[in-house]
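In the numbering used here, the protein residues as written are 34 to 627.
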């Protein structure tokens, strides 16, 4: 029986099993029934004996047939190992319909072959395959305004009608659509000693995008002298000689005669254009580019676009929140539109969290667009944005550290989905001053101030920007930590709005609530008398303590005063020897009244 032909230029691939051992195999030149290369699982490879519930019927029958025919045999059983850790061994080379079929055979559950099979260096099998399906229309940013000090956009691209990459150290390439593995080999050989490991990895990605992913008809954009130039790719990639190798990889391009000032571009487009690579996929903002080029079909149903807006404040909302001055709520809305981030600060009981949630739900269109987190001293970047956390794999039942999104990343991803980009989304951070903000936000601190920029993330390595439709409202209890301790970096990034019993809209709130509920106004008068005696505005008592049903049951006011309010004031006067009950107790306040 003849040996199957291995795919030329591809190495051996491996899968390491979770409980030890590995499988080995090769890509075959022959294609399987699904249009991808077949895969040869090598004799001696170890295979998980247990089939998991998620395994497909075809793969399940294949495993059973191989067991029956002797293709998979028992490894010497270890009675100390549980059933899900037992192994089979391939008694001969086994030809599989695809790399994914081979991975399912090895793991005992469905898995992606192009990602599961890896070379000895850790490169995925996907790097050795020709480009598969891609979106019919894509858009690309190619940088050329500073190539070794030369502005190729101004000097060559616009005048001669092309776009290019520098590739001075690349050998002649005969393949029209080289795989990423071939490009990696060319870069490793050509740039040995001329570029760092990280530079070579970035160059491989950019070459692959320019030579293989880019297609005739795609939109291409570039920036020069503060202007965005847009055109269409009109030719295949060619390798040609150029002075100093600055533009020896070229594609012809048809550039439009008009250009667009960078500062006037939509915010989501500015974010993408700020990614610091020579070739950037702009397909996510294809609609914005079409709009600039006048390609949007204005006769079709209107699509939500343009400047993000928040709903107007209504009298009904002001009445629900008991804010008698609607202009205060209007100002809150304007601050959110202008700043995107604000902090409500004040003493305890002033309704900061309640107001933040109600405003966010109203302006965002419902609770589905609102996520709330509470900071504390041990809160970290890994909790807030993303980090490696122990996670149990539902298939293998193993616990491993995996990159996991935190609440900000989850909300940002939700807000940036197609169809969501013009819907306001709100993140409420309760007790924002109780955490080390520089530690929690990390590089995201930069994005809070520069919303049109993107940064490279610490863990995932993704280029990330805060979506324009993501708003942040923080709350800060000034009795826990004085607002004077907030650093200048945070003050620049947030608008600060005070909620104090001595200022509107909190002043008089309890009296308005009591009137609406049809209750006696005495608690409001007592609270005003109490706060008049408190010598520190940060320790004034807010009305929320007296806006609960239990306060108005028999003995409720006295109980709330004794167990909720006086302990706060005792903490404030700790060590002063003051009789808090005699100064702030109900009897003392009632005696004060005429």
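Glycine included, C-beta positions come from ideal geometry on N, C-alpha and C.
- Here the stretch 255–264 makes no contact with the stretch 197–204; the two share fewer than three CB pairs at distances below 8 angstroms.
- DSSP assignment within the stretch 192–279 yields the following whole alpha helix (DSSP H) runs of 4 residues or more, N-terminal first: 213–223 and 230–241.
- For residue 564, the uninterrupted alpha helix (DSSP H) segment begins and ends at 555–566.
- Note that the stretch 313–321 touches the stretch 172–183; at least 3 beta-carbon pairs, one per stretch, sit closer than 8 angstroms.
- It is roughly 21 angstroms from the alpha-carbon of residue 274 to the alpha-carbon of residue 287.
- Here residue 461 is bridged, per DSSP, to 405 and 506.
- Of all alpha-carbon atoms in 162, 537, 215 and 283, the one lying nearest the alpha-carbon of residue 176 is that of 283.
- In the three-state scheme derived from DSSP, where H, G and I count as helix and E and B as strand, residue 105 is classed as strand.
- If you compare the alpha carbons of 501, 96 and 125 with that of residue 143, the shortest gap goes to 96.
- Pairing residue 414 with residue 485 gives a Cβ-Cβ distance that is not under 9 angstroms.
- Inter-residue distance for residue 592 and residue 584 is about 8 angstroms (C-alpha atoms, whole angstroms).
- The C-alpha of residue 155 lies about 15 angstroms from the C-alpha of residue 59.
- In this structure, DSSP gives residue 451 a state outside helix and strand, which the three-state scheme calls coil.
- Under the three-state reduction of DSSP, residue 62 is assigned to strand.
- The Cβ-Cβ distance between residue 127 and residue 137 does not fall below 9 angstroms.
- In the three-state scheme derived from DSSP, where H, G and I count as helix and E and B as strand, residue 307 is classed as coil.
- Apart from the 5 residues on each side of it in sequence, residue 271 sits with its Cβ closer than 7 angstroms to the Cβ of 283 in its chain, given in chain order.
- Collapsing the DSSP output to three states places residue 378 in a strand.
- Between residue 57 and residue 74, the C-beta spacing is below 9 angstroms.
- Excluding its 5 nearest sequence neighbours in each direction, residue 213 has C-beta neighbours in its own chain below 7 angstroms: 160, 237 and 241, listed in chain order.
- In this structure, residue 541 sits near residue 557, with a CB-CB distance shorter than 9 angstroms.
- Burial check for residue 179: the Cβ neighbour count within 10 Å stays below 16, so the residue is exposed.
- Counting the other CB atoms within 10 Å of its CB gives residue 554 a total below 16, which places it among the exposed residues.
- In this structure, residue 65 and residue 131 form a Cβ contact; the two beta carbons are roughly 5 angstroms apart against a cut-off of 8 angstroms.
- The criterion of a C-beta distance shorter than 9 angstroms is not satisfied by residue 369 and residue 405.
- The beta carbon of residue 78 lies closer than 6 angstroms to those of 56, 57 and 123 in the same chain, with the five residues before and after it left out.
- Residue 294 and residue 479 have their C-alpha atoms roughly 24 angstroms apart.
- For residue 471, the closest C-alpha among the options 410, 450, 500 and 279 is that of 410.
- DSSP links residue 175 through a beta bridge to 312.
- DSSP places residue 589 in the uninterrupted alpha helix (DSSP H) bounded by 589–593.
- Under the 10 Å beta carbon count, residue 204 is surrounded by fewer than 16 other beta carbons and is classified as exposed.
- Within its own chain, the residues whose Cβ lies closer than 8 angstroms to the Cβ of residue 597, once the five positions on either side in sequence are excluded, are 578, listed in chain order.
- Counting the other Cβ atoms within 10 Å of the Cβ of residue 463 gives 16 or more, which makes it buried.
- About 12 angstroms separates the beta carbon of residue 378 from that of residue 536, a gap too long to meet the 8 angstroms contact definition.
- Residue state for residue 475 is assigned as coil, using DSSP reduced to three classes.
- Residue 356 and residue 419 have their C-alpha atoms spaced approximately 38 angstroms apart.
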